[in-house]
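Counting from 204, one number per residue, gives the positions in the sequence shown under our numbering.
Reading through the structure tokens given below for one structure.
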Amino acid sequence: MRRARWARGTAIGVATLAVVLELTDIWVTAQLPRPSYTPLPFAPEDMAGTAFPVFGAILVHSRPRLVIGWLLCAGGLSAATGILAANLHELYGGAAGEPAVVVLSRQVLELTLGVLLPLLYPTGSLPSRRWLPVVWLALAGTALEWAGPAYGRAGHWAVGVAVALAFASLVARFARGGPVERRQLLWLLVALPGLLVPWIAGGDVRWLATLAVPLVPAAIAVAVLRYRLFGIDTLISRALVGTGLVIVVAGVYVAAGAAAGVFLSEVDRVAGVAAAVFAGAFFPSMRRGLQRGVDRLLYGSTGVPESLAARLRHRLQHADPLHGLRATLDVLREGLSVTGAAVEVDGVTTASGAVAAGRSPAGAPPPARTVPLVWHGEPVGRLLIGPTDRRRFPAAHDERVIATLTPYIADAAHAVRLTAALQRSRERILTAREEERRRLRRDLHDGLGQSLTGMAMSINAARLAARTSPDAAERLLADLRAGMESVSADIRELVYGLRPPALDELGLAGAVEELAGAPVETSGELAGLPAAAEVAAYRIVQEALTNTRKHARATRVRVALRREERLLRVTVTDDGVGLPPGARPGVGLLSMRERAAELGGTCVVQEAEGGGTVVHADLPL
Numbered sequence: 204m205r206r207a208r209w210a211r212g213t214a215i216g217v218a219t220l221a222v223v224l225e226l227t228d229i230w231v232t233a234q235l236p237r238p239s240y241t242p243l244p245f246a247p248e249d250m251a252g253t254a255f256p257v258f259g260a261i262l263v264h265s266r267p268r269l270v271i272g273w274l275l276c277a278g279g280l281s282a283a284t285g286i287l288a289a290n291l292h293e294l295y296g297g298a299a300g301e302p303a304v305v306v307l308s309r310q311v312l313e314l315t316l317g318v319l320l321p322l323l324y325p326t327g328s329l330p331s332r333r334w335l336p337v338v339w340l341a342l343a344g345t346a347l348e349w350a351g352p353a354y355g356r357a358g359h360w361a362v363g364v365a366v367a368l369a370f371a372s373l374v375a376r377f378a379r380g381g382p383v384e385r386r387q388l389l390w391l392l393v394a395l396p397g398l399l400v401p402w403i404a405g406g407d408v409r410w411l412a413t414l415a416v417p418l419v420p421a422a423i424a425v426a427v428l429r430y431r432l433f434g435i436d437t438l439i440s441r442a443l444v445g446t447g448l449v450i451v452v453a454g455v456y457v458a459a460g461a462a463a464g465v466f467l468s469e470v471d472r473v474a475g476v477a478a479a480v481f482a483g484a485f486f487p488s489m490r491r492g493l494q495r496g497v498d499r500l501l502y503g504s505t506g507v508p509e510s511l512a513a514r515l516r517h518r519l520q521h522a523d524p525l526h527g528l529r530a531t532l533d534v535l536r537e538g539l540s541v542t543g544a545a546v547e548v549d550g551v552t553t554a555s556g557a558v559a560a561g562r563s564p565a566g567a568p569p570p571a572r573t574v575p576l577v578w579h580g581e582p583v584g585r586l587l588i589g590p591t592d593r594r595r596f597p598a599a600h601d602e603r604v605i606a607t608l609t610p611y612i613a614d615a616a617h618a619v620r621l622t623a624a625l626q627r628s629r630e631r632i633l634t635a636r637e638e639e640r641r642r643l644r645r646d647l648h649d650g651l652g653q654s655l656t657g658m659a660m661s662i663n664a665a666r667l668a669a670r671t672s673p674d675a676a677e678r679l680l681a682d683l684r685a686g687m688e689s690v691s692a693d694i695r696e697l698v699y700g701l702r703p704p705a706l707d708e709l710g711l712a713g714a715v716e717e718l719a720g721a722p723v724e725t726s727g728e729l730a731g732l733p734a735a736a737e738v739a740a741y742r743i744v745q746e747a748l749t750n751t752r753k754h755a756r757a758t759r760v761r762v763a764l765r766r767e768e769r770l771l772r773v774t775v776t777d778d779g780v781g782l783p784p785g786a787r788p789g790v791g792l793l794s795m796r797e798r799a800a801e802l803g804g805t806c807v808v809q810e811a812e813g814g815g816t817v818v819h820a821d822l823p824l
């Protein structure tokens with residue numbers, strides 16, 4: 204703790220000293236003639252001497268053991284010291300040549316910010332021990348520069364080669380690094396357009412590069428401390444597109460100026476008008492073309508949202524729901540360059556690649572992001588996105604790709620859900636049909652069959668008794684008559700179980716009125732309804748009335764049947780005690796819902812507005 208406090212105090216002191224030196228240099232610069240190349244009262248070294256140590260102190264304060272912050276502080280202090288010493292030398296007319304402190308400051312600046320910073324960024328350690336000779340080369344070049352004029356040129360070249368190799372290490376680190384390290388490296392790319400565009404343009408705008416110097420330490424600080432705070436992929440994409448547009452328009456301006464210089468006078472005016480007309484006419488198409496090119500540069504052909512959406516639509520059109528969902532996950536996994544993607548729908552996981560979800564086998568990496576899937580306002584599942592594949596560019600979790608593909612994945616998940624619900628419904632229907640057949644077989648065999656067998660035996664016995672004992676034959680025939688009435692009642696019960704006879708005799712409204720014992724509210728033409736809809740409506744009303752009489756203690760029950768164009772609405776409302784809190788649906792409620800679901804409809808049981816219970820069923824016709 205004491206060491207960390209000492210480190211923070213030292214970094215703040217270095218930053219404060221650098222700022223004081225820069226303020227002093229501003230006063231010294233005001234005493235010198237204003238240079239013609241810039242309207243600013245300070246040089247690029249002044250910006251570096253202020254920004255680098257300030258952001259370095261911020262890094263040291265947050266992570267005292269990370270050497271990156273110390274390099275920013277040392278480089279910024281050397282820049283401030285060098286520019287102040289050079290201006291003081293010029294102000295007071297010192298001897299010819301550069302003072303030793305200026306040379307030393309420049310060499311420290313080259314070593315810290317030109318060699319060590321790119322070699323150690325962003326982790327604070329070398330990519331590997333093979334890069335250590337670059338540091339020794341830079342130190343040897345610095346020593347040669349101090350050795351004398353005979354070796355100064357060779358030392359200068361050695362330091363230049365070391366700087367080039369140090370920046371090449373960033374490319375090697377990016378190629379081999381993980382997703383976090385790659386994103387940190389990309390933050391430097393954000394700061395480059397602000398430096399490169401004015402520097403390449405040159406002339407009257409080169410001085411703008413001075414204002415962009417603080418972007419470099421700021422990008423480094425954000426990359427180390429808050430690299431997940433912003434969408435770095437989007438920032439880089441827009442920065443590259445903007446830089447490309449500036450370069451194209453500047454190229455048109457230069458070309459138009461050159462042509463006007465050959466054929467016309469007033470070169471600048473003509474060139475400016477030509478560039479403005481070109482930019483106005485072709486700016487949208489240039490921007491779209493550059494955006495597509497940058498997307499392909501950053502993500503490859505599989506990471507362009509429009510291309511991914513087209514591929515995904517094609518796969519969905521040529522696959523069943525389950526394989527369509529897997530196809531969407533394959534496209535998403537390839538587009539985001541992640542190790543895996545999965546969708547959870549009603550507890551069932553469909554995955555592409557390796558990603559842990561729910562009770563997945565051990566060994567799969569946990570999801571890096573979870574996105575809810577919503578289909579027309581209805582939650583249908585969850586999208587699980589795995590971590591980035593380190594072998595590819597970290598396009599994972601790019602908001603444009605996710606926002607483009609998520610609606611298609613929600614559609615596919617909804618289709619899978621409907622398919623599963625349809626399959627379950629078919630299974631229930633088949634089960635119910637087989638159960639009904641089993642019941643009929645049992646009733647016919649054990650009940651009606653046994654009764655008919657007994658009646659046949661009674662007929663034979665009556666025939667034999669009729670010759671010898673008429674009284675016994677009379678008793679047997681009387682018993683046979685009673686048995687026939689019992690068989691008739693059993694047959695009526697079987698028929699009633701298949702379809703209530705009241706529906707054929709009275710129609711749906713009359714049969715329901717007979718059940719309710721009161722008039723029924725009707726709307727629309729109820730004649731000619733499909734038989735399945737009539738039976739379902741009758742059974743739902745029957746079950747609702749049974750529940751009302753058993754549990755509701757209601758004094759009034761209202762039944763309504765309304766037929767719309769392709770829908771039959773059934774409503775049963777009572778003024779009873781209502782549903783108890785935490786009530787679980789029993790066999791009756793489940794039966795009503797299943798009868799409605801068999802027709803593709805719905806059945807809802809809920810509290811009535813004025814108290815009591817309302818059963819509302821919608822049955823498609």
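Glycine residues also receive a C-beta, built at the ideal position from the N, C-alpha and C atoms.
T284 counts as buried, since no fewer than 16 other beta carbons sit within 10 angstroms of its beta carbon. Excluding the 5 residues flanking it on each side, R379 has same chain C-beta neighbours closer than 8 Å at P330, in chain order.
Secondary structure note for R211: its alpha helix (DSSP H) is the uninterrupted segment R205 to A233. Counting along the chain, S726 sits inside no alpha helix (DSSP H); it lies in the beta strand (DSSP E) bounded by residues E724 to S726. The DSSP-derived three-state label of H579 is coil.
In the structure shown, A412 adopts helical secondary structure according to DSSP, grouped into three states.
Here R572 carries a strand assignment [DSSP, helix/strand/coil].
Sequence-distant Cβ neighbours of G397 in its own chain, meaning closer than 7 Å and more than five residues away, are A415 and L418.
Per the Cβ contact rule, the region 260-278 is in contact with the region 319-329 (3 or more Cβ pairs under 8 Å). Spanning the alpha carbons of L388 and W334 requires a straight line of approximately 18 Å. For the pair L625 and R642, the Cα-to-Cα distance works out to about 25 Å. In the DSSP annotation of this structure, the continuous segment of the beta strand (DSSP E) that includes A544 starts and ends at G543 to V548.
Proximity to L532 across E581, S308, I588 and R572 peaks at I588, based on C-alpha coordinates. Taking a contact as a CB-CB distance under 8 Å, the pair V231 and L294 counts as one, their CB atoms being some 6 Å apart. Collapsing the DSSP output to three states places V808 in a strand. Partner residues in a beta bridge of H264, as assigned by DSSP, do not exist. For R385, the number of other beta carbons within 10 angstroms of its own is at least 16, and it is reported as buried. In terms of CA proximity to L340, L368 leads the group L732, A350 and L368.
Residue pairing for T553: DSSP places it in a beta bridge opposite V546.
In the structure shown, the three-state DSSP call for D777 is strand. By the neighbour-count definition (other C-beta atoms within 10 Å, threshold 16), V773 is a buried residue. DSSP lists A545 and T573 as the beta-bridge partner residues of L587. In the displayed model, P417 falls within coil according to three-state DSSP, outside both helix and strand. Classified as buried, W390 has 16 or more neighbouring CB atoms from the shown chains inside 10 Å of its CB. DSSP places V374 in the uninterrupted alpha helix (DSSP H) bounded by P352 to R379. Listed as beta-bridge partners of V818 by DSSP are V775 and V808.
In terms of Cα proximity to P420, the closest of G278, L519, A664 and L782 is G278. Sequence-distant partners of W578 (beyond 5 residues in either direction) whose C-beta falls short of 6 Å from its own C-beta, in its chain, are A613 and H617. A739 places its beta carbon less than 8 Å from that of L822. Counting only the Cα atoms, A544 lies some 10 Å from T573. For A820, the closest of A811, E812, E810 and R798 by C-alpha to C-alpha distance is R798. Here V311 has A277, G278 and S281 as same chain residues with Cβ atoms under 8 Å from its own Cβ, once five neighbours each way along the sequence are excluded. The region 422-429 makes contact with the region 252-265, as at least three CB pairs between them are under 8 Å. Cβ contact annotation for A210 (same chain, cutoff 7 Å, sequence separation greater than five): V263 and P267, in chain order. Just so you know, the alpha carbons of L392 and L220 end up roughly 30 Å apart.
In this structure, G813 sits away from G781, with a CB-CB distance that is not shorter than 8 Å.
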